[in-house]
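**Student:**
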Amino acid sequence: MYRRLIYLVPFVLMLGTAGSASAELMAYWSFDEGSGDRIFDSSGNGNDGTINGASWGEGKYGPALHFNAQDNYVEVPTSESLETETNVTVAAWINWIDAGDGWLCILANGQQGGPWENYGLFVNRGSGFLYFTLSLDGGHVTQQTPNDAVQPGEWLHASATWDGSMARIYVNGEMVLEQAQSGTLVPPGVPLRIGHRDGSAHYFNGIIDDVRIYNHALTEVEILAAMEGGIGYPYALGPNPQDGALYEDTWVNLSWLPGSFAVSHDVYLGDNFDDVNDGLGDTFRGNQDSTFLVAGFPGFPYPDGLVPGTTYYWRIDEVNEAEPNSPWKGAVWSFSIPPKTAYFPDPADGAEFVDPNAVLSWTPGFGSRIHTVYFGDNFDDVNDATGGAPSGTTSYTAALEREKVYYWRVDEFDAFETHKGDVWAFTTPGAMGNPQPANGAADVQMIATLSWTPADNAASHELYFGADAEAVKNATTASPEYIGPKALGAESYDSGGLAWDSSYAWRVDEVY
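Take any residue in the sequence shown, count from 1 to its spot, add 29: that is its number in this note's numbering.
(1) If you check the beta carbons only, do T340 and S363 fall under 8 Å apart?
(2) For N544, which beta-bridge partners are listed by DSSP?
(3) Can you tell me which of the three DSSP states A196 falls into?
(4) Since E510 and A504 are thought to touch, with beta carbons under 8 Å apart, how far apart are those beta carbons, to the nearest angstrom?
(5) Count Cβ pairs between the stretch 215-231 and the stretch 284-304 that sit closer than 8 Å; are there 3 or more?
(6) How far does the beta strand (DSSP E) with E251 in it extend, from its first residue to its last?
(7) Buried or exposed for S51, going by 16 or more other Cβ atoms inside 10 Å?
(8) Could you say which of E381, R314 and T79 lies nearest to T457 if we only look at CA atoms?
(9) Is the beta carbon of N116 sitting closer than 8 Å to the one on Y102?
(10) Smallest Cα separation from A371: which of R431, T447 and D318?
(11) From the DSSP output, which residues share a beta bridge with D346?
(12) Using the three-state DSSP reduction, which class does L34 fall into: helix, strand or coil?
(13) Per the DSSP calculation, Y436 is bridged to which residue(s)?
(14) One question on the structure: do V240 and H294 come within less than 8 Å of each other, judged by their Cβ atoms?
(15) Buried or exposed: R398, going by 16 or more other Cβ atoms within 10 Å of its Cβ?
(16) Output the distance between the C-alpha atoms of Y297 and D77, rounded to the nearest integer angstrom.
(17) Could you say if the stretch 414-421 and the stretch 463-470 meet the contact criterion of at least three C-beta pairs nearer than 8 Å?
(18) Evaluate contact between the stretch 228-238 and the stretch 119-131, counting only Cβ atoms and requiring at least three cross-stretch pairs below 8 Å.
(19) Considering Cα atoms alone, identify which of E432, Y425 and D406 is closest to A454.
(20) State the DSSP-derived secondary structure class of F302, mapped to helix, strand or coil.
(21) Does the Cβ of L165 have 16 or more other Cβ atoms within 10 Å, making it buried, or fewer, making it exposed?
(22) Going by DSSP in three states, V119 sits in which element: helix, strand or coil?
(23) Say whether the stretch 91-109 touches the stretch 179-194, bearing in mind that this needs 3 or more beta-carbon pairs closer than 8 Å, one atom from each stretch.
(24) I'd like to know whether the C-beta atoms of T118 and T162 end up nearer to each other than 8 Å.
(25) What span of residues does the alpha helix (DSSP H) with E207 cover, start to end?
(26) Would you report the Cα separation of T174 and Y522, rounded to the nearest angstrom?
(27) In this structure, how does DSSP classify E430 when only helix, strand and coil are distinguished?
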């Protein structure tokens, strides 16, 4: 009989936390009438519509129209104010039902078979994508988002823009498609319909609210404002670097797009989320007129440079003393400087069922020049190894066997010093796996049952459990962390009542 240390699995039980609109409206239907057979255009252009069968009901913002996927639509007579040649935005709140025709028409300024839509917006029901149509130079031109961009049974804001050279589609204010598209829009000269493309079976199924058409390609700020049902978005947006970005430098020029009403900006920057969110300590960097902040140079925040391996958080509050709602507290954004150690291992740390022919790879540490790999099937041997052969490549090929746990480590050298890497682990097919709770799991229930999948040839298991990960890793059968033997077919353990906001670890040794 022999034993093999298969897994040390830590998990955590936690009490959970873990510019103003310049576009001109061609038409705006708020659907706030709530009754009757007409909807009225709030743009002032007189593009009122006649309701054909659609029924009144609850919408995103008060009343809205419900369409039955069979014969319901709203028709708006053709007019010069609804026709454009060079720029357009179509936007609406929708809640669609997964039934009916394969193409659910939100709006179409044209008809099936031509004259095609001057512009139109559809949901493809089968694949869950938004479909934006344009009649450019008389041709029927289409753009579509990736599949599953929109889901049925929930409110979402659908919008599409064209600025004469680029078409963009947004879902809930986030751009999901950008595609080059040039030409000239050709007016169809036929009525516009909401909820149906004339001459087709493409009837909408669900609810439509707050429909807008602009003769301008809305900016992200303006789209967010339209989503809120107004003409201004007060919060800072468009962070650069993007929120959550990995930023490979020791200085940064933070920039953002201002909110619609901002006169100046309160800037917060720090390396602690809570401090930045609450404006504590020295995270407040001042009020300024400009929409950028340099950090990581003498005379600026972090004069000695940003620190590799650190996540930085920043927040912009928009200020306008003439507005009673000012300041508008912004979201907390973040970016991270890569560590000097290797990261993003492939296979990932804790990966299971890894192909024995796999080639190991990683992302090199910040500023690294050469890499030294240590590899084996014993954690301590890999962790304590020294004197390996350096290499300039970021991949490593090893002879892998089935039903084994492997450990590996990559040390990085940046021309000044060596940075010892973490020890990563993975298993090949046949080894014990699928630990539940998973490795590193958070927000685990207070009453948790541990379980795992046995190794193919294991005869039994020995289980260890405790609040000290190091103690669990080093425990023997004489240690208090030893739970006892577990028979083959009994790969579970009731851990009993666990404490809030606490960390636990467990280990399974397979016995052969």
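A virtual CB, placed ideally from N, CA and C, is assigned to each residue, including glycine.
This one's a predicted model, so the numbers in the text were calculated from it and none came from an experiment.
**Tutor:** Looking at the coordinates:
(1) Yes, these two residues count as a Cβ contact at 8 Å.
(2) With the chain represented from 30 up to 541, any question about residue 544 goes unanswered, as that position is not in the structure.
(3) strand
(4) 4 Å
(5) no
(6) Taken as a continuous stretch (DSSP letters only), E251 belongs to no beta strand (DSSP E), being part of the alpha helix (DSSP H) at E249 to M256.
(7) Residue confidence for S51 is low, a pLDDT of 33 falling below 50, so the modelled location carries little weight and cannot support an answer.
(8) E381
(9) no
(10) T447
(11) D295
(12) Note on L34: pLDDT 47, under 50, position unreliable in the model; the coordinate value appears next. Strand at L34.
(13) G405 and A454
(14) No, they are not a contact pair.
(15) exposed
(16) 47 Å
(17) no
(18) yes
(19) Of the listed residues, the one whose Cα sits closest to A454 is D406.
(20) helix
(21) buried
(22) strand
(23) no
(24) no
(25) Taken as a continuous stretch (DSSP letters only), E207 belongs to no alpha helix (DSSP H), being part of the beta strand (DSSP E) at E203 to A209.
(26) Taking the straight line joining both Cα atoms gives about 46 Å.
(27) coil
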